[in-house]
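Residues in the sequence shown are numbered from 1 upward in steps of one, following the numbering used here. Cβ atoms here follow ideal geometry from the backbone N, Cα and C, with glycine treated the same way. One structure is given here, and the rest of the page talks about it.
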Amino acid sequence: MPELPEVETICQGLAPLIIGKTIAAIKSSGKSLRQPVPLAEMTAALPGQTIKGIRRRAKYLLIECGGLLIIHLGMTGNLGLFPAKMPPEKHCHVRFHFNSGDELRYRDSRRFGRIVFFPAPFAEAERQFFATTGPEPFACDAAWLAAKTSGMQAPVKAALLNGTLIAGIGNIYASESLFRARIGPQRATASLTMAEWQRLLAAIQEVLREAIICGGSTISDYVNAQQKSGCFQMNFMVYGRSGQTCHQCGATITQTRIAGRSTFFCPQCQNAPE
Ligand SMILES: [Zn+2]
């Protein structure tokens, strides 16, 4: 499932390919994603409009084009630019056809993704859409996180995954960040000291930056805008490594379940007394 680094990689890859292009038509497979594709609304507003910008917020891509397209890739969604004359693949569900003879294709085999469209002016709609989304990890502050979570008894891993505390972090980067910060994923969130929050936030930012440089992580089918895999999975210390040896201390990586998600940690490295 694409998390912040994967969505950021797609965003950076798509920007030079689509900014400045003019939308001529929109085509859909007719199949629903997690919710129906707003084909009628997009068809009414978008033809003739030029793509002005693309950015990321949390795990969403935001495309400004005389309205605002908000795209979530779900589990298996991806976006890429293809020649319009190339026949669409089986799982291609939406095609934004450009005057230039190519098209932006949204492909998604499991169809858990989501496309939302807000006609202009969209600033207020965007604000509401992200009203409960936490701040971006790079714009976060350890003291704010500590204050916000005082009294929160849920495991810290669950708090990181939730998205309302801090945006964009999923199972992979929560696991890897907690390992790097030497904090057990099952710790009650409110029990983290200020020093631990500082360590954890620094670890989150470091892991995300490194993952963006690696073009994200490819576990199963994630590819970037150029249809290439990421390589940060080569650097995993705990994620997906249960039963294997900790690269740092030699203990066995353990797997448990937190908030319904597989959670991997080193019982020795992540049990450090403060
Ligand atoms: Zn270890």
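- Ligand 1 never approaches residue 203 closely enough for any of its heavy atoms to be under 7 Å from the residue's Cβ.
- For the options 179, 249 and 135, the alpha carbon positioned closest to that of residue 156 is the one of 179.
- Bounds of the alpha helix (DSSP H) holding residue 11 are 4-18.
- Listed in chain order, the non-local C-beta contacts of residue 190 below 8 Å within the same chain comprise 149, 150, 151, 152 and 153, local neighbours out to five positions each way being set aside.
- Remark: the C-beta of residue 268 is in contact range of ligand 1, defined as less than 7 Å to any heavy atom.
- If you draw a 10 Å sphere on the C-beta of residue 158, you find 16 or more other C-beta atoms in it, and that means buried.
- Contact between residue 169 and residue 137 is confirmed by a C-beta separation of about 7 Å, below the 8 Å threshold.
- Relative to residue 229, the option among 176, 217 and 130 whose CA is nearest is 217.
- The count of Cβ pairs closer than 8 Å, one atom from the stretch 65-84 and one from the stretch 211-225, reaches three, so the stretches are in contact.
- Relative to ligand 1, the beta carbon of residue 181 is positioned no closer than 7 Å to any heavy atom.
- Distances between the C-beta of residue 248 and the heavy atoms of ligand 1 include at least one below 7 Å.
- Contact between the stretch 160-174 and the stretch 245-264 is present: three or more C-beta pairs spanning the two stretches fall below 8 Å.
- Within its own chain, the residues whose Cβ lies closer than 7 Å to the Cβ of residue 140, once the five positions on either side in sequence are excluded, are 166 and 201, listed in chain order.
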